[in-house]
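Notes follow the structure.
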Amino acid sequence: MASTQIETVNTGADKFKLAAAVVLLLAALAAFYLLGKQGQVAQWGALLVGLALSAAAFFSSESGRQLIAFGRDAWREVKKVVWPERKEAIQITAYVFGFVLIMAVFLWLTDKTLEWLFYDLILGWKK
Numbered sequence: 001m002a003s004t005q006i007e008t009v010n011t012g013a014d015k016f017k018l019a020a021a022v023v024l025l026l027a028a029l030a031a032f033y034l035l036g037k038q039g040q041v042a043q044w045g046a047l048l049v050g051l052a053l054s055a056a057a058f059f060s061s062e063s064g065r066q067l068i069a070f071g072r073d074a075w076r077e078v079k080k081v082v083w084p085e086r087k088e089a090i091q092i093t094a095y096v097f098g099f100v101l102i103m104a105v106f107l108w109l110t111d112k113t114l115e116w117l118f119y120d121l122i123l124g125w126k127k
């Protein structure tokens, strides 16, 4: 069996960057609410600057770099997908709708049959 080893290295600087990102995020939210009397420009400006600084601190950490690498890999995989042509997509969609309609009718008939069986025949609760 092949085993994949995952090695996580958290340095003190990396932990500091993550902590700084969280503190900056909380400071941005606090500034947004505390600057309510200063006007919306000050509120939104403080929030956007705080969010930008928080994102910069996060993306400079190892976790942020791994998230960016994951996003790149995911985008690379999306580019490899062979998407269906319009005609094929419409056909598949029609098959799905047809199947859903058939299942809806089947379940409705099953429900009505069981309702008739239990309430009318067995219990005698005719409407």
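Numbered by full-length UniProt numbering, the letters in the sequence shown go through residues 1 to 127 in order.
Note that CB positions come from ideal geometry on N, CA and C, so glycine has one too.
Nothing here was measured: the structure is a model prediction, and the numbers come from that model.
Helix, strand or coil at G39 according to DSSP, with G and I counted as helix
The count along the sequence shown starts at 1 and reaches residue 39 at position 39. Reduced to three states, the DSSP call for G39 is coil.
Pick out whichever of A27, F58, F59, K37 has its Cα sitting closest to the Cα of A46.
In the sequence shown, counting from the first residue as 1, residue 46 sits at position 46. Considering only alpha carbons, the answer is A27.
Which class does S60 belong to by DSSP, given the choice of helix, strand or coil?
Walking along the sequence shown from the start, residue 60 turns up at place 60. The answer is coil: DSSP assigns S60 none of H, G, I, E or B.
Quick check on DSSP: helix, strand or coil for V82?
Start at 1 with the first residue of the sequence shown, and residue 82 comes out as number 82. Looking at V82 - three-state DSSP - the assignment turns out to be coil, as it is neither helix nor strand.
Please return the same chain residues whose Cβ sits closer than 6 Å to the Cβ of V22, not counting the five positions on each side in sequence.
Looking up residue 22 in the sequence shown gives position 22. The answer is none, since no qualifying residue turns up.
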